[in-house]
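Residue numbers (the working numbering), protein chains in the order written: chain A, 297 to 623; chain B, 297 to 623; chain C, 7 to 366; chain D, 7 to 366.
Backbone N, C-alpha and C fix where the C-beta goes; we use that ideal spot for every residue, glycine too.
Reviewing the structure listed below.
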Amino acid sequence: MPEMTMVEAIRLAMDEELARDERVFIVGEDVGRRGGVFRATQGLFAKYGEKRVIDSPLAELSIVGVGIGAALYGLRPICEIQFADFIHPAFNQIVSEAAKMCYRSGGEWTVPLVIRAPYGGGIGGGLYHSQSLEAFFAHVPGLKVVIPSTPQDARGLLKSAVRDPNPVLFFEPKKGYRLIRGPVTEDEGLVPIGPAHVTREGSDLSLFAYGMMHHYALQAAEIVSGEGIRAEVVDLRTLYPPDRATIVASVRKTGKALIVHEDNLTGGYGAEIAAILADEAFTDLDAPVRRLCGPDIPAVPFSHPLQDWFMPNPNKIAQAMRELAAY
Amino acid sequence: MPEMTMVEAIRLAMDEELARDERVFIVGEDVGRRGGVFRATQGLFAKYGEKRVIDSPLAELSIVGVGIGAALYGLRPICEIQFADFIHPAFNQIVSEAAKMCYRSGGEWTVPLVIRAPYGGGIGGGLYHSQSLEAFFAHVPGLKVVIPSTPQDARGLLKSAVRDPNPVLFFEPKKGYRLIRGPVTEDEGLVPIGPAHVTREGSDLSLFAYGMMHHYALQAAEIVSGEGIRAEVVDLRTLYPPDRATIVASVRKTGKALIVHEDNLTGGYGAEIAAILADEAFTDLDAPVRRLCGPDIPAVPFSHPLQDWFMPNPNKIAQAMRELAAY
Amino acid sequence: MGERRSAGRAQRPRANGKVKMASTATATAPAKAAATDLPLLEMFSVMLLARRLDERAWVLHRQGKIAFHISGMGHEATQVGIAYAMRRGEDWLVPYYRDLALMLALGLTPLEFMLGVYGKRGEPSSGARQMPSHFGLRRANVVSTSAPVATQIPHAAGIGLAIKLKGDERVVVTTIGEGSTSQGEWYEGLNWAAVHKLPVVCVVENNVYAISEPQDRQMAVPNVADRAAAFGMPGVVVDGNDVLAVQRVMQQAVDRARRGEGPTLVEAKTYRPVPHSSDDDDRSYRSREEVEQWKKRDPLLLFRATLQSMGVLSEAAEQAAEAKAAAKVEEAVHGADAAPYPDPAVEGLGPVYVEEIHHA
Amino acid sequence: MGERRSAGRAQRPRANGKVKMASTATATAPAKAAATDLPLLEMFSVMLLARRLDERAWVLHRQGKIAFHISGMGHEATQVGIAYAMRRGEDWLVPYYRDLALMLALGLTPLEFMLGVYGKRGEPSSGARQMPSHFGLRRANVVSTSAPVATQIPHAAGIGLAIKLKGDERVVVTTIGEGSTSQGEWYEGLNWAAVHKLPVVCVVENNVYAISEPQDRQMAVPNVADRAAAFGMPGVVVDGNDVLAVQRVMQQAVDRARRGEGPTLVEAKTYRPVPHSSDDDDRSYRSREEVEQWKKRDPLLLFRATLQSMGVLSEAAEQAAEAKAAAKVEEAVHGADAAPYPDPAVEGLGPVYVEEIHHA
Ligand SMILES: Cc1ncc(C[n+]2csc(CCOP(=O)(O)OP(=O)(O)O)c2C)c(N)n1
Ligand SMILES: Cc1ncc(C[n+]2csc(CCOP(=O)(O)OP(=O)(O)O)c2C)c(N)n1
Ligand SMILES: [Mg+2]
Ligand SMILES: [Mg+2]
């Protein structure tokens with residue numbers, strides 16, 4: 297079983313899908329000769345040519361809008377947004393158009409589109425190259441929102457996204473592009489969109505996370521296991537629609553929940569997890585539902601001490617776990 | 297004390313602010329001669345002229361973007377978005393620019409801007425003239441998000457918004473524009489941005505709502521009061537930053553919470569309220585935190601039976617209250 | 007000639023929003039010659055049907071039978087001219103809410119339109135989920151459209167890109183109001199079409215107003231077609247009240263696109279003689295005299311006169327067309343009146359997602 | 007003449023992204039005449055300082071002392087030409103990330119720049135909250151800028167609107183890359199400026215590439231200035247490597263704006279001789295030969311030659327300027343190196359909101 301990095305797994309998934317289905321094409325800024333600023337599409341332009349890997353104008357709303365049009369015609373576009381932070385110009389196309397097309401036409405028109413966007417902080421990117429934007433979109437019926445945290449999931453979920461008849465927003469934890477290595481199976485390796493993944497079993501409390509934070513959660517769980525705290529870790533993977541059953545089942549077992557994300561606390565994705573638990577797992581809860589998130593400031597600041605202060609990390613998570621376990 | 301409708305109170309507030317401060321101006325589609333499609337600016341063009349009430353091109357991102365520029369120069373723009381549903385093209389300007397300007401410049405540059413937008417369903421507007429969009433914005437540090445539910449609050453909060461040195465998103469419950477009448481005091485009538493308002497005291501459960509839903513909540517509370525259920529009703533008014541203290545204090549007293557909004561349930565604003573309660577009021581909760589919201593479909597459908605099915609109403613709320621009270 | 011390149015003589019809207027219409031005196035002569043291949047009476051009938059249906063919708067609204075109507079009145083020549091330059095069953099359309107005549111020409115039935123107006127089950131655009139006239143018709147390659155203006159333009163570019171990538175010999179036509187060309191969406195979509203030389207024709211139905219705002223609140227150029235220079239594509243102005251002139255200009259643009267020579271921006275100058283929608287009151291922003299002026303250039307009257315002068319439209323034929331339209335309208339209203347409303351458990355709940363795509 | 011109206015002879019970038027530069031042989035002669043009023047040596051010194059600071063930032067990056075650098079190299083003539091057409095303390099600027107020379111000309115100190123590059127406390131644009139070169143300088147009327155491209159253009163229009171509404175005699179200048187003109191934000195912002203005849207000058211610093219994408223991936227017109235036709239404003243192409251030509255064109259545009267005659271789109275054709283940023287590797291998208299070509303048109307060398315031929319720049323004066331620049335760079339690096347980092351409790355926590363506005 298080959299080992300590879302996140303970005304290699306993502307590239308592999310696109311390579312496989314381009315080879316499998318001639319309707320698939322990639323469109324975005326610098327995805328062609330340049331192979332993408334993170335090299336996610338490296339080599340694909342040379343291999344598949346300029347009709348399959350298309351350098352777009354520097355204009356996100358039309359990257360998505362043109363993708364929608366091509367999808368309506370029957371193609372399977374993969375749109376790359378260079379940094380998630382630059383997805384906002386396309387907000388109207390994503391929320392008003394891609395997400396609502398199926399419902400508004402009674403299923404007559406559908407948008408089989410993937411939007412890939414590197415997201416997240418800790419890479420010295422400052423306010424506009426570090427954002428976590430899942431909360432904006434994990435609220436939009438008609439969209440699916442996926443965040444993988446391992447190479448195997450990245451490949452398998454991206455392939456599923458390309459084959460999905462609905463629009464899928466695929467946020468990639470860019471800090472993990474090269475940092476995270478892992479095995480990738482040699483089979484088709486599809487991972488279904490929908491189910492969360494319990495990546496560590498435990499009985500004392502449940503840790504919910506995704507993307508880079510899922511790795512930190514696992515590390516934190518390891519740290520506190522030496523102190524006798526048996527944490528269960530759930531990699532949410534598909535944020536929208538949320539996998540309510542897995543989330544609730546975990547807290548049924550552990551009675552305590554800590555949710556971790558990089559995005560701001562207030563109105564963040566963790567709020568929905570907490571709300572699900574406060575309703576559906578109410579009688580199982582033995583402690584307040586806790587959230588460890590980015591502070592409520594506009595985004596991750598640039599200078600290193602500020603960035604470090606903003607970002608959750610294994611030690612901060614471990615500390616929150618200790619407090620929760622002691623509750 | 298004069299009685300007036302919501303839209304009259306909103307117009308009055310703008311009239312007063314235009315008269316008070318010559319830096320204030322209005323910009324938006326059809327706000328001039330036409331007086332706005334809801335007549336919110338009626339008469340102001342005639343009274344203040346085309347330099348204070350400016351018909352913009354049909355382009356929301358630049359309505360907001362130009363407003364930001366004018367605010368940076370020292371003016372006090374009130375931008376009207378004709379329907380909240382059409383705010384999405386301006387998402388980038390609001391979220392990347394207006395909200396982050398102050399922080400990113402260390403307070404050197406600030407954006408004293410008001411964005412008014414009629415929102416909400418029940419008016420036969422279908423998918424794109426009925427949306428409730430507060431959840432997208434009540435997650436953005438640097439913005440304030442306000443939703444009034446009475447003429448007095450509408451006037452007082454809008455005047456405060458115009459005087460606020462920060463960008464304020466002011467969502468107006470358009471179904472209530474003419475439906476809701478109420479007294480408006482003859483004094484300055486400022487209502488501070490920030491505090492929620494307990495509009496009915498009760499001890500059995502807390503109802504959290506805003507905009508049109510606040511009225512329905514009051515009506516529902518009245519319905520069930522005959523059955524011996526004493527509901528407390530909280531009009532949230534300022535959604536962001538949320539008034540955590542008032543929210544938690546109410547549930548400290550009642551032990552139960554029902555949150556009502558028109559917007560989709562999953563990832564809606566109610567999730568944050570539930571999350572706050574699941575953390576800070578955990579030991580006070582006697583029942584699951586319940587949310588009564590629009591279903592998770594893209595938006596309010598047009599045809600009347602579909603619209604009625606989508607929208608919360610006093611009876612639906614009363615029923616949810618009975619269930620919660622009986623828990 | 008009813009059309010001209012945009013660089014030609016300017017047609018500057020005055021501050022009060024009035025546009026001096028280009029004279030069409032010279033437009034009909036060459037049009038007649040070229041028009042012989044066209045099914046002129048059929049075109050007239052579609053325009054007439056659109057007008058009568060539209061008028062009836064206003065009446066239904068006044069009677070309180072329907073909640074909302076947004077009208078295509080005045081735009082019939084532009085739209086039927088567009089339709090008769092397209093290859094049915096081949097070419098694609100990404101329309102906007104005024105395109106009733108265009109939709110009828112492409113196969114929308116009067117009953118289907120009325121079902122939409124009534125918000126009844128079976129309305130093909132959206133199953134009555136959307137407001138009326140938010141068109142879409144899969145069987146006719148007409149893409150579903152929404153309310154936020156200009157979002158359709160990038161879609162048209164994307165369809166054009168897909169046509170090109172697949173090597174199909176198709177063209178995609180998209181329509182939009184002149185006010186909506188102020189949106190960045192319009193600019194970005196047409197820029198794509200130009201950069202990639204896509205088979206896209208964008209028709210701006212310039213009716214002088216965007217709700218209350220006259221053209222000069224939207225742009226500092228006299229013609230929308232002047233904006234084509236920004237993209238490096240041809241821009242053509244045509245008299246939108248002259249169906250044959252529009253048809254001819256569109257045929258050139260569509261043929262050009264099909265030959266792989268790239269997109270064209272067509273501006274059809276017309277007028278909206280009724281309020282923006284049933285929610286609008288246009289008295290605050292324009293005079294009655296200005297509106298009355300329009301009647302002299304009512305596209306239906308102009309086309310009737312042309313056909314009469316060509317000897318194509320006898321009085322009997324016109325009466326027959328009127329009778330047929332009236333019957334169709336009546337039938338549609340009855341059908342829609344009798345039709346059931348959609349059911350929340352069916353049309354309400356979904357589909358938010360699909361499991362499989364059955365088409366395309 | 008170093009400039010020309012955009013309708014003039016086309017300067018089509020070839021598919022490989024190369025642009026044939028307009029000859030400036032005729033540009034210097036009239037420039038010299040007009041230039042006598044300008045502080046030529048000062049202008050040269052600013053260009054030189056910008057270049058040396060910029061070079062040092064690349065070195066610091068290679069040494070691992072700083073995390074990121076985005077360069078203005080090659081753009082010095084364009085930017086200093088802009089600055090010397092503006093009224094300091096009066097006119098406003100909404101810049102973009104390449105504008106180091108422009109910022110220095112308007113009063114940013116070398117230390118302030120270096121504090122930004124090091125992410126140190128006291129950096130005036132953002133207190134080191136933003137990445138380096140995301141300029142902003144309240145005391146010089148330079149608005150804070152962000153990373154998403156083109157968002158600054160509507161701001162400039164809004165500042166122009168405010169200037170006009172207040173009746174001030176000011177002009178707002180805004181800069182942007184050619185690739186970023188593909189954004190709807192750019193279109194909408196300039197459209198506003200045109201419709202309302204605002205005192206706005208938009209300068210496109212056309213360096214042929216947007217990261218890896220040559221101009222022809224962004225637009226099907228040979229000149230960005232051609233796009234001015236869409237707005238009904240003048241579009242001017244100028245040799246962006248010729249500081250005096252830029253200054254002259256800018257002076258005309260700024261004067262025009264100040265007279266209330268409306269906005270101008272200026273396209274300065276230049277080149278980026280270095281990678282997009284310290285994160286970029288440009289070898290995948292252009293040849294070394296192409297980059298080498300640039301050296302012949304390095305704006306610093308061109309201006310030096312001009313000044314020498316004018317007899318304004320002696321060898322001694324040049325050496326003095328170099329020595330001064332070197333000393334300033336050294337001092338700035340030392341200052342930044344020694345400066346403290348920002349403190350999360352201070353610069354991290356806020357201000358997210360303000361209670362009161364102390365300015366404007
Ligand atoms: C993004 C957006 N903003 C505002 C509106 C509200 N609105 C609906 S139609 C319209 C005017 C459109 O004018 P124009 O483009 O000229 O088309 P016309 O209606 O005149 O045919 C406006 C402002 C909208 N539908 N979408
Ligand atoms: C909205 C947005 N999308 C993408 C980016 C990433 N990005 C940064 S600079 C750049 C290229 C800009 O090219 P151009 O406008 O020509 O300016 P130049 O850098 O060449 O001066 C891109 C794609 C961004 N900053 N903002
Ligand atoms: Mg119009
Ligand atoms: Mg460039």
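N-terminal and C-terminal residue of the beta strand (DSSP E) that residue i is part of
i, result
"H557(A)", "553 to 560"
"K440(B)", "440 to 442"
"P469(B)", "464 to 469"
"K275(C)", "270 to 275"
"S218(C)", "Counting along the chain, S218(C) falls outside any beta strand (DSSP E), and DSSP gives it neither H nor E."
Residue environment, residue i, which counts as buried when at least 16 other CB atoms sit within 10 Å
i, result
"Q189(D)", "buried"
"L6(D)", "The requested residue 6(D) is not part of the displayed model; chain D covers only 7 to 366."
"R57(D)", "buried"
"M607(A)", "buried"
"R145(C)", "exposed"
"H340(D)", "exposed"
"M297(B)", "exposed"
"Y565(B)", "buried"
"R289(D)", "exposed"
"A431(A)", "buried"
"K301(D)", "exposed"
Boundaries (first-last residue) of the alpha helix (DSSP H) holding residue i
i, result
"A107(D)", "106 to 112"
"H600(B)", "600 to 606"
"T312(C)", "305 to 316"
"A541(A)", "540 to 550"
"M120(C)", "116 to 124"
"S358(B)", "356 to 369"
"R197(C)", "Sequence check: residue 197(C) is Asn here, not Arg. Looking at the DSSP string, the run of the alpha helix (DSSP H) that includes N197(C) is 190 to 201."
Chain-order list of residues whose beta-carbon lies under 6 Å from that of residue i (same chain, five-residue window excluded)
i, result
"I350(A)", "V323"
"W198(D)", "A163"
Close beta carbons around residue i, own chain, < 7 Å, minus the five adjacent residues each side
i, result
"V487(A)", "D449, G452, L453, S456"
"I569(B)", "F504, I543, I555"
"E175(C)", "R264"
Sequence-distant residues of its chain with Cβ nearer than 8 Å to residue i (five each side left out)
i, result
"W405(A)", "L368, M397, C398"
"A16(C)", "Confidence in A16(C) is poor, its pLDDT being 33 and thus under 50, which makes the residue's placement too unreliable to answer from."
"E61(C)", "M79"
What residues in the stretch 341 to 361 of chain B have a beta carbon less than 7 Å from any beta carbon of chain D?
Taking 7 Å as the Cβ-Cβ cut-off, the stretch 341 to 361 of chain B approaches chain D at K347, P353, A355, L357, S358, G361, given in chain order.
If you measure beta-carbon to beta-carbon, which residues of the stretch 136 to 163 of chain D are closer than 8 Å to chain B?
Residues of the stretch 136 to 163 of chain D that bring their beta carbon within less than 8 Å of a beta carbon in chain B comprise Q136, H140, G142, R144, V149, S150, S152, P154, T157, I159, P160, H161, A162, A163, in sequence order.
To be precise: take each residue of the stretch 577 to 588 of chain B, compare its Cβ to all Cβ atoms of chain C, and keep it if any distance is under 9 Å. Which residues remain?
Answer in chain order: no residues at all.
Residues surrounding ligand 3 [beta-carbon distance to nearest heavy atom under 6 Å]
Qualifying residues come out as G183(C), E184(C), G185(C), N213(C), Y215(C), A216(C).
Chain-ordered residues of the stretch 593 to 617 of chain A with a beta carbon less than 8 Å from chain B
Residues I593, P594, A595.
Cβ-based contacts, 9 Å cut-off: residues of the stretch 399 to 432 of chain B near chain C:
From the stretch 399 to 432 of chain B, only G420, G421, G422, L423, Y424, H425 have a Cβ closer than 9 Å to chain C.
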